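Residue numbers for the sequence shown follow my numbering, so the first one is 1 and each next one is one higher.
Idealized CB from N, CA, C, for every residue including glycine.
All of these numbers come straight from a predicted model, not from anything done at the bench.
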Amino acid sequence: MKIKHLRWYMIGLVSLGTIINALARSSLSVSAPTLFTELHINEQQYAWILSAFQFAYTLAQPLCGFFIDVVGLKLGFFIMIIAWSVTNMAHAACNSWGGLAFLRGLMGLSEASAIPAGVKCNSEWFPAKERGIAGGVANIGTSIGAMLAPPLVVWAIMAYNWEMAFVITGALGLVFAVIWWFGYESPARHRALSTEEARLIEAGQEKHLEADGSKPSVMQILRQRNFWGIALPRFLADPAWGTINFWLPVYLMTVRHMPLKDIALFAWLPFLAADFGGMAGGFLNNFMMKRWNISTINARRIGFSAGAVLMLPLSLVGFVESAYVAIALVSVCAFAHQMLSTQVITMATDLFRRNETSTVSGFAGTAGWTGIFICTLIMGGLVNTVGYNPFFIILSLMDIVGAIILWTFVKARVADNLAAKPVTV
């Protein structure tokens, strides 16, 4: 039986994977207020736990991307899902910050596969015109998972204990692994793909970016100006997202003095806003290319620049009196970040061959997580001395620099004539 619009089911399946991925990752940050009390962890030790994950994630992104490019998306992502889920469940056995740091680092090695997997699926299943929206669908999973974490994790802690929060989020990953294995297949092998949709996908993909059958050359990728044109903006942009993900519950507890129940009620709102931001970025691309005949690359640049401007309110978070106004400002910035993040992540599919996209995405992700890692180490060492305000101000400005780099470094590989009306089925 043939399924209409099958490509959207496939990207939806990847998005579900990123939801589970982000939910497992966010289980620590939401549990942090409880762990501070029960395991006697302080901000510096918490920073080391985060840094262990971020360092491993940073190193593993290009390795995961290369692994997926070589063995294929279905098998590669399946192995990684099993790995991060089992490691996440093992957190329940920890009784010190050192044990948590070790397992978080181990978990980062496999969690790094989610974004390269989304990029790979996007490049395989979608014509160029639809990749902005498809990228938004794939990327939205990271914010949905982070959005679901506060109510789910706090419920597990209050109903059972903090250990059960990790067991539940890890078990969900194992369930998804089964769904992924039986649900995903490449376009060339999927029996439910109609001839009409297969032709649409093939006709809408850039011939100069066709996979040539060879393994991706890492050194050749790293020598390309376009790679650094998308990697450096991610280095500058991702620390703000890392701060929202990893430090927001701690900030609300230690600075705003919010009880755990209120954190569960309100800390998910920035991630709901981020969901809308990711989708808005994709639809903005589609609108500009269709209505104004703007090239694919320029549409991505404009979308990133708009998001960079919307990041500026982050500088005001520390100066407002109300904790709820602060959450509202963070929500605006979460919307902005996912709006611009969708642009720069999707550009890997616009600028590189399909057998290179996961590798490129992995190395660009390494740049982004290097920024998060450095930011976390600095925050852990200085936040008790200087507070959060200087960090909010600096982070609000970094995306403006990233936008400048995106405009000056990135160059389309061929004449970018992909702004015709999007094809639909």
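For residue i, the three-state DSSP class (helix, strand or coil)
i: W247; result: helix
i: A159; result: helix
i: F78; result: helix
i: V410; result: coil
i: Q44; result: helix
i: L39; result: coil
i: G12; result: helix
i: Y184; result: coil
i: V255; result: coil
i: H5; result: coil
i: H208; result: Because H208 sits at a pLDDT of 48, beneath the cut-off of 50, its placement in the model cannot be relied upon, and the point is left open.
i: Y388; result: coil
i: R25; result: helix
i: N355; result: coil
i: I405; result: helix
i: G72; result: coil
i: I19; result: helix
i: S194; result: coil
i: F235; result: helix
i: A293; result: First, the amino acid is wrong: residue 293 is Asn here, not Ala. In this structure, N293 counts as coil in the three-state DSSP scheme.
i: M88; result: One detail in the question is off: residue 88 reads as Asn in this sequence, not Met. Looking at N88 - three-state DSSP - the assignment turns out to be helix.
i: C94; result: coil
i: H338; result: It is Gln, not His, that sits at residue 338 in the sequence shown. If DSSP states are grouped into helix, strand and coil, Q338 belongs with the helices.
i: S113; result: coil
i: F126; result: coil
i: P422; result: Bear in mind that the predicted position of P422 carries a pLDDT of just 40, short of 50, making it too unreliable to give a figure here.
i: W268; result: coil
i: Q54; result: helix
i: R225; result: helix
i: E321; result: coil
Residue from the options whose Cα sits closest to the Cα of residue i
i: V70; options: G387, N355 and G380; result: N355
i: A299; options: D350, N161 and F266; result: D350
i: T357; options: I230, L109, W268 and W369; result: I230
i: L73; options: I11, S26, I294 and P33; result: I11
i: G76; options: R25, S113 and G170; result: S113
i: N21; options: I168, Y160, N122 and S217; result: I168
i: E38; options: L13, T342 and W162; result: W162
i: I157; options: S27, F391, H5 and L50; result: S27
i: T58; options: R7, W407, N88 and E111; result: E111
i: Q224; options: T195, A403, V410 and M253; result: V410
i: K290; options: I394, G402, A128 and I140; result: A128
i: A403; options: Y251, D262 and A237; result: A237
i: L152; options: V332, N286, A24 and A348; result: A24
i: C64; options: M147, A32, R7 and P116; result: P116
i: G170; options: L103, R199 and E196; result: L103
i: T342; options: E130, A198 and V178; result: E130
Proximity test, residue i beta-carbon vs the ligand FAD heavy atom, cut-off 7 Å
i: L193; result: You won't find the ligand FAD in this model; it holds no ligand whatsoever.
Assumed close pair residue i, residue j - CB separation to whole angstroms, cut-off 8 Å
i: A274; j: A334; result: 4 Å
i: I372; j: P239; result: 5 Å
i: G362; j: S143; result: About 21 Å; that fails the 8 Å criterion.
i: G145; j: I19; result: 4 Å
i: F55; j: G136; result: Not a contact, Cβ separation roughly 29 Å.
i: L340; j: G307; result: 3 Å
i: I221; j: F126; result: Contact doesn't hold; Cβ gap of about 22 Å is too wide.
i: L13; j: W180; result: 7 Å
i: R234; j: G141; result: At roughly 18 Å, the Cβ-Cβ gap does not stay under 8 Å, so R234 and G141 are not in contact.
i: L252; j: T34; result: Going by Cβ atoms, the distance from L252 to T34 rounds to 14 Å, so no, they are not a contact pair.
i: F352; j: V360; result: 5 Å
i: A101; j: I49; result: 5 Å
i: W81; j: K120; result: The sequence given here has Ile at residue 81, not Trp. No, I81 and K120 are not in contact; Cβ-Cβ is about 14 Å, not under 8 Å.
i: K2; j: S194; result: 4 Å
i: N285; j: G303; result: 6 Å
i: P249; j: A52; result: Wrong, their Cβ atoms sit about 18 Å apart, outside the cutoff.
Residue j beta carbon less than 8 Å from that of residue i
i: V330; j: V320; result: no
i: Y324; j: F266; result: yes
i: G282; j: G118; result: no
i: F392; j: S322; result: no
i: A47; j: M398; result: no
i: I426; j: L269; result: Given that the chain is displayed from residue 1 to residue 425, the structure contains no residue 426 and the question cannot be resolved.
i: M258; j: F166; result: no
i: G173; j: W84; result: yes
i: L406; j: R301; result: yes
i: Y388; j: V255; result: yes
i: F176; j: L16; result: yes
i: A60; j: G108; result: yes
i: A192; j: L6; result: yes
i: V154; j: V332; result: no
i: M147; j: L310; result: no
Legend entry - Cβ contact check for the segment 87-100 and the segment 235-255: 3 or more pairs under 8 Å: no
Inset, instruction - Report yes or no: do the segment 39-53 and the segment 376-389 share at least 3 C-beta pairs separated by less than 8 Å? - result: Three or more Cβ pairs closer than 8 Å define a contact, and the segment 39-53 meets that threshold against the segment 376-389.
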